[in-house]
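Undergrad: Protein chains in written order, with the numbering used here: chain B, 2 to 107; chain Y, 144 to 258.
Even glycine gets a Cβ: it sits at the ideal position worked out from N, Cα and C.
This structure is a prediction, so every number in the text was calculated from the model and none was measured.
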Amino acid sequence: GQQVQQSPASLVLQEGENAELQCNFSSTATRLQWFYQHPGGRLVSLFYNPSGTKHTGRLTSTTVTNERRGSLHISSSQTTDSGTYFCANMGYKLTFGTGTSLLVDP
Amino acid sequence: GALVYQYPRRTICKSGTSMRMECQAVGFQATSVAWYRQSPQKTFELIALSTVNSAIKYEQNFTQEKFPISHPNLSFSSMTVLNAYLEDRGLYLCGARDGGGTEVFFGKGTRLTVV
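Shown next as structure tokens:
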């Protein structure tokens, strides 16, 4: 079945540093979506990005479909960015990656 | 905007009893609803995918007998966990998408604790 791998598994930053989260998937048919999960469990959609680059505030999503990879760049990290980030590839069902746990220290 | 509400947010049930959770889409028509369980280790398992006017498709290791789902209209879905045991603990998330089939919107989840 389809697999989605994320790296790193965890990341600790000082506030103000940048972060680059990676997502690799096994299928060339991609409809990649990035999610942020609050510590309480709420899952928030950050980007739906099947290909190319999208920006929202300090976040940038890049998907390179023919290389089966995507990335999420967080610039000037803040403590409120702490949480778990998931990428997911949407076929007939959404297959989640393994997640990256981010901790931003003040 | 598109919102998904889940109820209840948290529930505790005794081992062997059952509990029902609900999912409501607001601001869009939820033509398909997927129920997931997230383990304490954070991994996601798809339980079933429900599409209006189609049969509900359960994933391996999940059955209708254990997790019956109702999806009667374009805004509402419910799932029951029957005879809950310790291994059923976790965060149950409802993800819905509209007929355009692009983004999936999630609710805040129902956290099930079994004692």
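Out of Y/V258, Y/V257 and Y/F249, state which residue places its alpha-carbon closest to the alpha-carbon of B/H39.
TA: Closest by alpha carbon: Y/F249.
Undergrad: Looking at chain Y, which residues of the region 34 to 50 of chain B have a Cβ within less than 7 Å of any of its Cβ atoms?
TA: Cβ contacts with chain Y: Q34, G42, R43, L44, S46 and Y49.
Undergrad: Strictly below 7 Å CB to CB, what residues from chain Y border B/G100?
TA: What B/G100 touches in chain Y: K185.
Undergrad: Note down the Cα distance separating Y/V224 from Y/V258, rounded to an integer number of angstroms.
TA: Each residue's Cα considered, the two are about 14 Å apart.
Undergrad: Establish whether the CB of Y/R232 and some CB of chain A are separated by less than 8 Å.
TA: Here the protein chains are B and Y, and chain A is not one of them.
Undergrad: Decide if Y/Y179 is buried, meaning its Cβ has at least 16 other Cβ atoms within 10 Å, or exposed.
TA: That one is buried.
Undergrad: Can you tell me whether B/S62 is buried or exposed, with buried defined as 16 or more other CB within 10 angstroms of its CB?
TA: Classification for B/S62: buried.
Undergrad: Here's the rule I'm using: 16 or more other beta-carbon atoms within 10 Å means buried, otherwise exposed. How should Y/G233 be labelled?
TA: Buried, since its Cβ has 16 or more Cβ neighbours within 10 Å.
Undergrad: Consider the Cβ of Y/A198: report whether some Cβ of chain B lies at a distance smaller than 8 Å.
TA: No, its Cβ sits nowhere closer than 8 Å to a Cβ of chain B.
Undergrad: Mind checking Y/G242: buried by the 16 CB within 10 Å criterion, or exposed?
TA: It is exposed - the Cβ of Y/G242 has fewer than 16 other Cβ atoms within 10 Å.
Undergrad: Which residues in chain B have a C-beta closer than 9 Å to the C-beta of Y/G252? List them in chain order.
TA: G41, G42, R43 and L44, listed in chain order.
Undergrad: Under the three-state reduction of DSSP, which class applies to Y/L229: helix, strand or coil?
TA: In this structure, Y/L229 counts as helix in the three-state DSSP scheme.
Undergrad: Tell me Y/A173's beta-bridge partners as DSSP assigns them.
TA: BP columns for Y/A173 are empty, so no partner.
Undergrad: I want to verify the contact list: residues of chain B whose CB lies under 8 Å from the CB of Y/E246, in sequence order.
TA: Neighbours of Y/E246 on chain B, chain order: Q34, S46 and Y49.
Undergrad: Could you please give me the residues that DSSP links to B/T101 through a beta bridge?
TA: B/Y86.
Undergrad: Can you list, in chain order, the stretches of the beta strand (DSSP E) that have 3 or more residues and sit fully within the region 191 to 230 of chain Y?
TA: DSSP runs (the beta strand (DSSP E)) wholly in the region 191 to 230 of chain Y: 212 to 216 and 219 to 224.
Undergrad: Tell me the DSSP secondary structure of Y/E246 in three-state form.
TA: Coil.
Undergrad: Just checking, does the region 217 to 231 of chain Y make contact with the region 157 to 171 of chain Y on the three C-beta pairs under 8 Å criterion?
TA: Output reads yes: the region 157 to 171 of chain Y touches the region 217 to 231 of chain Y.
Undergrad: Any residues in the region 155 to 185 of chain Y with a beta carbon nearer than 7 Å to a beta carbon of chain B? Which ones, in chain order?
TA: Answer in chain order: A177 and K185.
Undergrad: Determine which residues of the region 203 to 236 of chain Y have a Cβ less than 9 Å from any Cβ of chain B, and write them out in chain order.
TA: Those would be L234 and L236, in chain order.
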